[in-house]
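Going down the list, the sequences are from chains A and B. Using the working numbering, you'd call the opening residue of the first sequence number 15 and step up by one each time. Using the working numbering, you'd call the opening residue of the second sequence number 4 and step up by one each time. All C-beta atoms, glycine included, are put in the ideal place defined by N, C-alpha and C. Below is one structure, written out as structure tokens, with a few remarks after it.
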Amino acid sequence: MSRDLRTFLAEQSAAVWELPRGLSRRYELTALQHALDARGEYPVLLARDTLGADGARSAIPVVTNLTASRVLTAAALGLPDHRCTAEWFARRSAGGIDPQVLARDAAPVQEVVLTGDAADLGRIPALTQHELEPGPYLTAAHATTFDPDTGVDNTAIQRCWLRTARRMSWFPYPASHNARNLRKFHGRGEPCPVAFWIGHHPAVLMGTQAKLRYPQSHWRAAGGVLGEPLRLVPSITHGERIMVPADAEIVIEGWAPSGVLAADGPFGEYTGFLGPQTPAPVCDVACITMRSDAIYHDYGSGLTDMLVPDNMAMEGKLYELVKSVAPSLRNVHVPASGRRFHAWLQLAEPVRGEARDALVAALAYRRTKWVVAVDDDIDIFSAAALDWAIATRVQWSRDAIVIDDLSGSSLDPSLPAGASTASKMGVDATLPPAAAPGAPRPVPPVTTVPADAATRAGALRDGADAAGWPRF
Amino acid sequence: MQYSVHSVETDKYAGNTTWAACPACQLWFPVSARMLEPAAPPACCPGCHREFSVKESRR
Ligand SMILES: [Zn+2]
């Protein structure tokens, strides 16, 4: 059986919180995600009979917070430990497995085909997540277009505001490969064919986020991450020109007409701030297909739900970039608390200059803004350990590298208006190497206790009643 | 090695966001610089969905 969203939910049923019926899709589900994030709790949320802004119930259940947990998301990839993502993801997405094409009658996502007036976006239980957003948005819609010059497909998660029954605005970030495809069609005065697919196994969602060249199909990478061929089916409207995953939950197909722009946003971004209202193309819906018992998937925008899978994929990309110039690289962590801007690199006995090479390579990636290199005695998944390394191993004028005018994210709220480049910093928080193999490093020893004393202390603590102890 | 602090004064305190106010309901919301260009579509108030020209609105 092919793996999909529902096989994952069944496997991980203990991690799924089935919510009381009748919750509102306007703010209420998102508020719950914020409350859980604040408590450091990351269940998958399954909501049935949710209410739209007009109070109408939807028969289509909503799943959100699917990927808020690193542990659960790693499990979806088949990884025993979320801290092993970087090397694994770099290897699996580079390898790839060719997709398999199904006939239409074998594709679950085309069990229901709605065309004409029946292709009504009002059927989709989209959420209005944050204040100042103008209405319900698709947040986990994977927009698939193709390059008209080569026919090569491209897929990216891009937001869509459901404006009317048959029209949504669609915001492909201007530097994205989908925006390049769109501009090519519009440059010829033609509407851009597009399909948006929603809901799949988290490994497929992450595999399609592998950062690729242009033009380069995402289907092979998704199969590589999934560990089996991704099953595809020709879309109803665009045929083999746009394939969609056969085991997705919902597909919205249509055309983005040339010369039509609509004001889209404000919209909550990964930074935790709202992006401004901005001109965006629109998509006129031609067809909606879905499973007969479809589940709608929503990503909590700017919440760990969206940051975790994105950042884990980014760890793979950084691993690949940095490893080629710094072979001592062991691991990479892109912490959700730093949004996409911070990356921690763990190096094992780097030679002179290698930590700085690693920093510069990582800073060349558009998304990073602050990168810290540490030795392999530092747990890069512990904020306290990172803080200790930075506090005790850095002289700022010697160990910090500031580079201005590198490519950055225009959504960074600290940039000046109109800036298209960013100022970035790398910090070498590694210790100097020993003068000879086996000799101590030329720094003071770290405080330790003997291993047997540590074992006895642990046992003593485990036997104590800690209920009334202060936690902080 | 010394670093100089450059243009922080102007950059930091100028901010980066243009706000528009809806002429109907007075809701303030952020708009991109592209919304001020001649080819821009009308702004759409996220509160009441009234469409209006950003250029002619209170900013
Ligand atoms: Zn208004």
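Query raised in the report: Pick from Ala387/A, His156/A, Gly286/A and Arg180/A: whose alpha carbon is nearest that of Met13/A?
Result: Since the first residue of chain A shown is 15 and the last is 486, residue 13/A is not available in this structure.
Requested in this report: Could you tell me which chain B residues have their CB closer than 7 Å to the CB of Glu292/A, listed as they occur along the chain?
Outcome: The residue you asked about is not Glu; residue 292/A is Thr in the sequence shown. By Cβ distance, chain B contributes Ser35, Arg37 and Met38.
Query raised in the report: Who pairs with Asp319/A in a beta bridge, going by DSSP?
Result: Answer by DSSP bridge pairing: none, since Asp319/A is not bridged.
Report task. Spell out whether any CB of chain B is found under 8 Å from the CB atom of Ala431/A. Result -> Interface with chain B (8 Å Cβ-Cβ cutoff): Ala431/A is included.
Report task. Leaving aside the five residues before and after Asp63/A along the sequence, list all residues of the same chain whose C-beta is less than 6 Å from its C-beta, in chain order. Result -> Listed in chain order, the non-local C-beta contacts of Asp63/A below 6 Å within the same chain comprise Arg35, Gly36 and Arg71, local neighbours out to five positions each way being set aside.
Requested in this report: May I ask you to check if the CB of Arg177/A is nearer than 7 Å to at least one heavy atom of ligand 1?
Outcome: Because no heavy atom of ligand 1 lies under 7 Å away, the Cβ of Arg177/A does not count as near it: no.
Report task. Could you tell me if the beta carbon of Cys28/B falls within a distance shorter than 7 Å of some heavy atom in ligand 1? Result -> Answer for Cys28/B: yes, Cβ within range of ligand 1.
Query - Three-state secondary structure (DSSP) of Met182/A - result: Here Met182/A sits in strand by DSSP.
Query raised in the report: Mind listing which residues of the stretch 88–104 of chain A have their C-beta closer than 8 Å to chain B's C-betas, in chain order?
Result: For the stretch 88–104 of chain A, which is checked against every Cβ of chain B, not one residue is closer than 8 Å.
Query raised in the report: Regarding Gly83/B and ligand 1, is the C-beta to nearest heavy atom distance less than 7 Å?
Result: Chain B is shown only over 4 to 62; residue 83/B falls outside these bounds and no answer can be derived.
Query raised in the report: Between Ala414/A and Val408/A, what straight-line distance do the alpha-carbon atoms span, to the nearest angstrom?
Result: Roughly 8 Å separates the two Cα atoms.
Report task. Could you round the C-beta distance between Leu60/A and Pro75/A to whole angstroms and report it? I think they count as a contact, below 8 Å. Result -> Pro75/A and Leu60/A do touch by the CB rule: their CB atoms are close to 6 Å apart, below 8 Å.
Report task. Take Trp31/B as the anchor and find which of Ala67/A, Pro290/A, Arg180/A and Ala473/A has the nearest alpha-carbon. Result -> Looking at the Cα atoms, Pro290/A is the closest of the given residues.
Requested in this report: Starting from Pro45/B, find everything on chain A with Cβ-Cβ shorter than 7 Å and list it in chain order.
Outcome: Ordered by position in chain A, the residues that pass the 7 Å Cβ test against Pro45/B are Ala277.
Query - Identity of the residue in Pro113/A, His356/A, Thr78/A and Pro427/A nearest Arg234/A by Cα - result: It is Pro113/A whose Cα lies nearest to the Cα of Arg234/A.
Query - Within 7 Å of chain B by C-beta, residues of the stretch 142–155 of chain A in sequence order - result: Going along the stretch 142–155 of chain A in chain order, one finds Leu146, Glu147 and Pro148 with a Cβ nearer than 7 Å to chain B.
Report task. Examine ligand 1 and report whether any of its heavy atoms sits within less than 7 Å of the Cβ of Cys25/B. Result -> Yes, since a heavy atom of ligand 1 falls inside the 7 Å radius drawn around the Cβ of Cys25/B.
Query raised in the report: Hey, is Leu37/A's beta-carbon within less than 8 Å of any beta-carbon in chain E?
Result: No chain E is present in this structure, whose protein chains are A and B.
Query raised in the report: Should Ile404/A and Ala443/A be called a contact, given that it needs their Cβ atoms to be closer than 8 Å?
Result: Contact: yes.
Requested in this report: Please check if any C-beta of chain B sits within less than 8 Å of the C-beta of Leu288/A.
Outcome: Answer yes: the Cβ-Cβ gap between Leu288/A and chain B drops below 8 Å somewhere.
Query raised in the report: Per DSSP, Arg40/A forms a beta bridge with which residues?
Result: Note: Arg40/A is bridge-paired with Thr142/A in the DSSP secondary-structure output.
Query raised in the report: Any idea if Ser83/A is buried or exposed, counting beta-carbon neighbours within 10 angstroms, 16 or more meaning buried?
Result: Ser83/A should be labelled buried.
**Report entry** Same chain, Cβ closer than 7 Å to Asp18/A, neighbours up to 5 away in sequence not counted
**Finding:** The residues are His214, His215 and Asp261.
Report task. Please state whether DSSP places His9/B in a helix, a strand or coil. Result -> Reliability fails at His9/B, whose pLDDT of 49 lies under 50, so the model's placement of it is uncertain and the value that follows must be treated cautiously. DSSP places His9/B in coil when its eight states are reduced to three.
Report task. Can you give me the Cβ contacts of Asp319/A inside the same chain, cut-off strictly under 8 Å, excluding the 5 residues immediately before and after it? Result -> Around Asp319/A: Gln47, Thr78, Asn79, Leu80, Thr81, Ala82 and Tyr313.
Query raised in the report: Which residues in the same chain as Pro446/A place their Cβ atom closer than 7 Å to its Cβ, once the five residues preceding and following it in sequence are excluded?
Result: Answer for Pro446/A: Arg455, Pro456 and Val457, listed in chain order.
Query raised in the report: Of all Cβ atoms in chain B, is any one closer than 8 Å to the Cβ of Pro514/A?
Result: The question about residue 514/A has no answer, for chain A in this structure spans 15 to 486.
Requested in this report: State yes or no: is the beta carbon of Pro41/B nearer than 8 Å to at least one beta carbon in chain A?
Outcome: Residue-level contact by beta carbon fails for Pro41/B and chain A, as no gap is shorter than 8 Å.
Query raised in the report: Based on Cα-Cα distance, which residue from Trp184/A, Ala179/A, Ala224/A and Asp163/A lies nearest to Leu152/A?
Result: When each option's Cα is compared against that of Leu152/A, the closest is Trp184/A.
Query raised in the report: Name the chain A residues whose beta carbon is nearer than 7 Å to that of Pro26/B?
Result: Think of a sphere of 7 Å around the beta carbon of Pro26/B: no beta carbon from chain A falls inside it, the nearest being about 15 Å out.
Report task. Could you say which of Leu43/A, Gly482/A and Ser434/A lies nearest to Gln143/A if we only look at CA atoms? Result -> For the set Leu43/A, Gly482/A and Ser434/A, the Cα lying nearest the Cα of Gln143/A is the one of Leu43/A.
Query raised in the report: Pairing CB atoms from the stretch 383–397 of chain A with CB atoms from the stretch 358–365 of chain A, are three or more of them under 8 Å?
Result: Below 8 Å, enough C-beta pairs join the stretch 383–397 of chain A and the stretch 358–365 of chain A to call them touching: three or more.
Query raised in the report: Distance, Cα to Cα, Asp10/A vs Val126/A?
Result: Nothing about residue 10/A can be reported from this structure: the residues present for chain A run from 15 to 486 only.
Query - Unbroken alpha helix (DSSP H) run spanning Ala193/A, endpoints - result: Boundaries of the alpha helix (DSSP H) around Ala193/A: His191 to Gly201.
Query raised in the report: Is there at least one non-hydrogen atom of ligand 1 closer than 7 Å to the beta-carbon of Arg53/B?
Result: Checking the 7 Å criterion, the Cβ of Arg53/B is within range of a heavy atom belonging to ligand 1.
Query raised in the report: Is DSSP giving Lys225/A helix, strand or coil here?
Result: Coil, per DSSP.
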